[in-house]
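A.B. asks: Sequence lines, in order, name chains A and B.
Remember, my numbering sits 1 above the position in the first sequence when you count from 1.
Remember, my numbering sits 161 above the position in the second sequence when you count from 1.
We treat Cβ as the ideally placed atom computed from N, Cα and C, and that holds for glycine.
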Amino acid sequence: MANDRFDTPKKPVALDVTDLNNFVYDMSRCIKCKGCYWVEHTYMPGVRFSTRCPSNVWNDFDSYGAFGKMRIGTALAEGKLQWTPKLLEIIYADPLCGACDVGCKRNLDLEIELTLEAMRIKAVKEGAGPMPAHKKVAANISKEHNQFGAPHANRKKWITGDVKVADKAEVLYFPGCSASYRNPEIAQSTAKILNGSGTPFTVLAEDWCCGNTLYSVGMIDEARELAKRNVEAIKATGAKKVVTACAECYRMFKADYPKMLDIATADLGFEVVHILEYADEAIKKGSLKLTKPVEMRATYHDSCGVSRLCDPWTPWKGTRGWMGMVEPRLKRRRGRSGLYAQPRNILKAIPGVDYTEMIRIRENSFCCAAGRGTREAYPDLANSSAKHRLEEVREVGAEVLVSSCPWCKDNFSQAVKENGDKVKVMDISEVIAASMQA
Amino acid sequence: MAISKEAYNALESAVGANFISDDPAVCEGYRSGPGGYESGLGYERVMTTIPAVVILPRNTEEVQRIVKICNRYKVPYVPYSTGFYGPRSHCHVENELLVDLKRLNDYEIDEKHLYAVVGTGVIYSPFQQEAFNHGGYGIIGGGGAQASVIANLIGDGWSPLSHRVGLPHRRILGTELVLPDGEIVKMGSLAVGEDPFWGDGPGPDLRGLLRGFTGLRGCLGIVTKMAVKLLPFQPEKLEPTGIAPNTALALPPKRVKWINFQMPTKEAQVQGMVEIGHSEVAGAVTKVPLFWRAIAKAEDKEDFWDIWGKETEETIKNFHILRVLLIGFTSEEQMEYDEKVVNDIMAELGGISRPTKPSDESWLKNADSAGMWLMCGSYISVDYIIESLSQATKHGESYAEVKRKYTPPLMPDNGDPGWFQSFEMGHQGYSEFLIYWDQDEDTNGVDHFYLETSKMNIKERYYTSLLGPHQPMYLTGPKYGPNYHIFMLRVKDEFDPLWVCHPPVPLAHDEFVERAPWMKALKDWETPAEFPMPKW
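(1) For the alpha helix (DSSP H) holding residue 284 of chain A, just list the boundary residues, first then last.
(2) If I follow the unbroken beta strand (DSSP E) through residue 289 of chain B, where does it start and stop?
(3) Which of helix, strand or coil does DSSP assign to residue 430 of chain A?
(4) Could you tell me whether the Cβ of residue 333 of chain B comes closer than 8 Å to any Cβ of chain A?
(5) Would you list, in chain order, the members of the region 647 to 660 of chain B that have their beta-carbon closer than 7 Å to a beta-carbon of chain A?
(6) Could you tell me the boundaries of the alpha helix (DSSP H) in which residue 191 of chain A lies?
(7) Output the distance between the C-alpha atoms of residue 613 of chain B and residue 636 of chain B, rounded to the nearest integer angstrom.
(8) In this structure, does DSSP put residue 435 of chain A in helix, strand or coil?
(9) Taking C-alpha atoms, which residue in A/164, A/210 and A/209 lies nearest to residue 188 of chain A?
(10) Suppose you measure from the CA of residue 357 of chain B to the CA of residue 351 of chain B; what does that come to, to the nearest Å?
(11) Just the C-alpha distance for residue 684 of chain B and residue 247 of chain B, rounded to the nearest angstrom, thanks.
(12) Along the alpha helix (DSSP H) that carries residue 271 of chain B, what are the first and last residues, could you check?
(13) Nearest chain B C-beta to residue 317 of chain A closer than 8 Å, yes or no?
(14) Restricting to Cα atoms, I'd like to know which of B/679, B/526 and B/541 is closest to residue 40 of chain A.
(15) Which of helix, strand or coil does DSSP assign to residue 697 of chain B?
(16) If you measure between the beta carbons of residue 318 of chain B and residue 300 of chain B, is that distance less than 8 Å?
(17) Is it right to say residue 431 of chain A is buried, meaning 16 or more other beta carbons lie within 10 angstroms of its own, or is it exposed?
(18) Could you say which of B/619, B/618 and B/596 lies nearest to residue 608 of chain B if we only look at CA atoms?
(19) Determine the direct distance from the alpha carbon of residue 412 of chain A to that of residue 234 of chain A, and round the result to whole angstroms.
(20) Between the region 459 to 480 of chain B and chain A, which residues of the former have CB atoms less than 8 Å from a CB of the latter, in chain order?
(21) Find the nearest neighbour of residue 474 of chain B within the set B/620, B/199, B/297 and B/576, judged by alpha-carbon distance.
(22) Using 10 angstroms around the beta-carbon of residue 164 of chain B, count the other beta-carbons present and answer buried if the total reaches 16, otherwise exposed.
(23) Ignore the nearest five residues each way along the sequence and tell me which others in residue 17 of chain A's own chain have a CB closer than 6 Å to its CB.
(24) Taking just the CA atoms, how far does residue 653 of chain B sit from residue 228 of chain B?
(25) Are the CB atoms of residue 103 of chain A and residue 405 of chain B within a distance shorter than 8 Å?
(26) For residue 306 of chain B, return the contacting residues in chain A, with the cut-off set at a CB-CB distance below 7 Å.
(27) According to the neighbour-count rule (16 or more other Cβ atoms, all chains shown, within 10 Å of its Cβ), is residue 9 of chain A buried or exposed?
(28) Would you kindly check if the distance between the Cβ of residue 256 of chain A and the Cβ of residue 311 of chain A is under 8 Å?
(29) From residue 2 of chain A to residue 471 of chain B, what distance separates their C-alpha atoms?
(30) Between residue 156 of chain A and the rest of its own chain, which residues show a CB-CB distance below 6 Å, the 5 nearest in sequence each way excluded?
(31) What are the complete beta strand (DSSP E) segments, minimum 3 residues, inside the region 257 to 344 of chain A?
(32) Which residues, taken in chain order from the region 41 to 66 of chain A, show a beta carbon closer than 9 Å to some beta carbon of chain B?
(33) If we define contact as Cβ-Cβ less than 8 Å, is residue 404 of chain B a contact residue for chain A?
(34) Looking at chain A, which residues of the region 233 to 256 of chain B have a Cβ within less than 7 Å of any of its Cβ atoms?
(35) Return the Cβ separation of residue 96 of chain A and residue 368 of chain A in integer angstroms, given the expectation that the two are a contact with Cβ distance under 8 Å.
(36) From A/243, A/70, A/49 and A/216, pick the residue whose C-alpha is nearest to that of residue 56 of chain A; which is it?
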C-alpha cells in the first residue's frame, strides 16, 4: 500500500512499563466498547454473569473500568491530573487480572495490562503509590523474605518426613510464600505429585518471595532485584525446570521476570511450568496414576496467572507510524497460552469427579480479586468478588470449587466461611494428590 | 455557573452518596476522547468536556428526581447509557451533570407474547442470548453487541437481520420516557395499563420524540424502560467456540447457514437482493465491503495492511459478494426450501456459491463493531440511508467520489462504495458509508468531508438519515422536511424550555461550525445572528 501521501511521523515505542508514554497510543485508541468489561459477546451467557471486570463490578463508575482508566492515564501522561486518594483507589482497586487485556485484544490489540502496570509504576516513581498495605508487604519481604512477615526460618516447615527432596535435581519446586507459610497442604500435595510420579526435585536453599506484590503495585526496582536474585539462585542449582503450584509465582517467572530483566522467557535459563502442565503431561505419559476415586461434583476456577496472563514474554521495541502500525512486527500477547485444557483434562481423568463447567470460563473467567496487592489494600473488593463468583458456583450446582492458586483458595475459603456456604474450596494439587494411591 | 452545593446535595439525596461523584479522577473517566466513535475529530475536541458531576440512578423514579432537580437548579445534564456512541453522547458544556444509566439494567422476558422489557443499561449480547434461550431473537444493531438496546433502538437499530425483522420503530413497544422537565410519559400500551406488549397507544405516536430521523442523542428526555419485540427463532443451540480473538458461534447446519455468492456484476448483486426478498426467503441478505473481509482475515493491524495493500480499484470494483443467511425458522425442510429458492435465483443471475464457514462471527449475537477500529484506530459511519434498493446502492458510489478529495487523511480504500443490503424483504434498501482515518494526521479534512456529505446529499437529492444533531440543522433543515429545523426547535422549546437536557443539542453541529475556524470556509448557508437557545 502506497502511503507516501500520508505524513504520520514514526515515533519510537517500546513495551517498557517504566514509561507510561510508551502506552499513550494505546490509551488514546480506547473506544469505550467495554470489551474489557463484558464477557466476550460470543460467549455472553445472558443477563446474569455477563461481566468479567471485578473492579468495575465493585464500583460502577466508568473510571473503575479499563476504558475509564485509559482516559485517566492519558491525563496523567499529559500532567493534567493530580494524585489524590481517589485517584490512587481507582488505580489500585484492581486485581490486574488481564480480563480487560484479552477483551481488548479480541478486536483492538491495545496494551491495556501493560498500561495499567505502567500507571502504578508512575505512581510509585512520583511518590504517590503504593498503598500503605503494600508498603507493609514490602517491609515484610525486605525483613523476612516473604510477604506475610512470618519468620523466614519457618520457610521449610511444609517439608514433612514423607516428602522426599533431593539435594540436586533437574526439577526445582518453587512453592512461593503462600504455600510455604499459609497453605502447606498445597506444597505437600505438589511434592506428593512429584514424588509419586518418580520425579526427583529439589528446592532452593534459601527460598525468597517471587516479588509478585512488589511488581504488581509498581515497586519495580525492588521487584527486579528479587527477580535477579531468584533467577540467579535457580541457575546456581543447575535445575532445568522450575515447577510452581502458585499462579502468581508462575506468572512472575513466565512473564514478569523476563519483562523486568528485558529478556525473553526462553532466555531465563530454565523452563517454567505450573503443576497443571506437569501433572497433565505425567497423566498422559502414565507416570502419574490417578486411580483412587474422589467422589465429588466439582467445578474449576481459571486463576488469572495460569490463564490469560501467562503468555511468554518477548522484549520489543521499534517505531509506530501511519495508522498506528508498528515495526518490527509485534506478536501480541493475547492470553492464548493460558493453561485452559490442562486442569480440565486432569479433573476429568480423576475417577469419581463429576465435572461441571462454570458459566464464565477460560479468558472470560471472573477473577476472585485476591491477587496483585488487591486483597491487602482493598479486602472488600476481594471479598465481594469472591462472593460474586461463588454465586456462579451455586448456579452450576458444584460441591467443590477447584483452583490453581493459593491466593484464590484463601480468598474463596474466606468468602465461603462468611456466606455459610457448603461449597468446599480445594487447590487442584490437593485433588490430584487425593486421587493418588498412598 | 458551577453546580451549586445545594444542587449537589439534592442530587445526592436522590441516589445516595455512593452513586454520585464530583471527584476529578472519576469525572476524567467520562471524557469522550481521545479515542472512540468520531473521537479525535474537531467535534470531539471543540464540543466536549468532562462532566462536573456524575450520577448513577437505579430506576425511573430516581431519574425523574434527578431531572426535576436539574430543572430546579438549572443544571445541564446529558443522559449516557454506555458512552460508546462517542462525543455526541458526552458532556458538551461546562458544569454539566452526566447521568450514567448503566444501573438501569433490569430485564424481563415475556416468552408467551415474545417481547423483552429492558432498562437503559442492558446491552445487546445478553439481550439476544436471553431471546435465544426462550425461542426468540431480535436484532443486534450495527452499533454492536456492546451497545445499549434502548440507545441503539432510538438511534439506529438495524442490521442485516432487518431483511426479515424490519425497521426498529416496529419493535419499540411500550416505553417509559422521562421528559426534560421531569414528567414521565408512558407510550404504547403502557399508557393505559401495566402491560407494555404493544407499541401504539392513545393519542399521537410519540415515538418520533425518541428517534427524530435517527436519534436525538437524548436531547428530548431519557428513556428508562422499553419493551422490545422479539421474533420466533429456530430451536437449535448456537454453540460458542474458540478462544479469543478467534471465537465464533458454530451454527446447526440444517437450521442456520450463511452462504456467500460471487455475483457477476453489481446489478446482479442488487437484483439478487430484490429477488430473494420478494420470494420472502432468508434471514439476511447483504453485501459487505471488501475491507471487512480483510479485517476478518487479518491477524493484526499490520497484517490487515498487507492484505489490503494487494487490492486495487479494479479488484474492489469487481468484488460482488452477496451474503445470504438461511434460517430454518419452522423446520429443516423450510430451510431446504429457502435454499432451493435462493439457488434458483442465483442460477438465473449467474451467482456462484463460494465456500462459507459454518459459523457466525458478526451478526447473530456478536455484532462486531469494535473490530472496525482495528486498521486505522479511528472510524465513523458518515451516513446511512434507507431507500429503494436500486437507489440506495447508488448513494455509496457518490460518497466514494467525494471521498477521493479527502484521502488523505481518510484511509485509502480504492473507491469502495460501502455496505448495502436488503431491508423489509427487499422492499427497501440500506446503504451505509464508513470512513476511517489516522487521528495522528491532520483531521480537518475529515471534518470537512463530513459536512460535504450533507451538501452532496442536498445536491443529489438523496435521502439521508444523519440530520438533526448530526449535521448543521440550519444547513439541512431548510432542505429536508422542509423547515425541519424550525419544527425541531419548536419541539425542543416545548419539551425543554430551559434547554437543560443535553445542550446545545440539537444545534450542536451548528455551534461546532461557528466555533471551529477551519470550518468557516465551508459555511455557505444562512444562520441567525444568534442561535435561539440559552447560553451555557
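C.D. replies: In brief:
(1) 276 to 286
(2) Where residue 289 of chain B is concerned, there is no enclosing beta strand (DSSP E), although the alpha helix (DSSP H) around it starts and stops at 285 to 294.
(3) helix
(4) no
(5) none
(6) 185 to 197
(7) Residue 613 of chain B and residue 636 of chain B have their C-alpha atoms roughly 11 Å apart.
(8) helix
(9) Per the Cα distances, A/164.
(10) 5 Å
(11) 24 Å
(12) Taken as a continuous stretch (DSSP letters only), residue 271 of chain B belongs to no alpha helix (DSSP H), being part of the beta strand (DSSP E) at 268 to 271.
(13) no
(14) Among B/679, B/526 and B/541, the Cα nearest to that of residue 40 of chain A is on B/526.
(15) coil
(16) Cβ distance < 8 Å, so residue 318 of chain B and residue 300 of chain B count as in contact.
(17) buried
(18) Minimum Cα distance to residue 608 of chain B is reached at B/596.
(19) 31 Å
(20) 461, 462, 463, 466, 469 and 470
(21) B/576
(22) buried
(23) 23
(24) 16 Å
(25) yes
(26) 42
(27) Buried is the call here.
(28) Result yes, Cβ atoms of residue 311 of chain A and residue 256 of chain A sit closer than 8 Å.
(29) With a pLDDT of 46 at residue 2 of chain A, under the threshold of 50, the modelled position of that residue is not reliable, and no figure is offered here.
(30) 181 and 208
(31) 272 to 275, 297 to 301 and 318 to 321
(32) 41, 42, 43, 44, 45, 46, 47, 48, 49, 51, 60, 61, 62, 63, 64, 65 and 66
(33) yes
(34) Cβ contacts with chain A: 243, 244 and 245.
(35) 5 Å
(36) A/70
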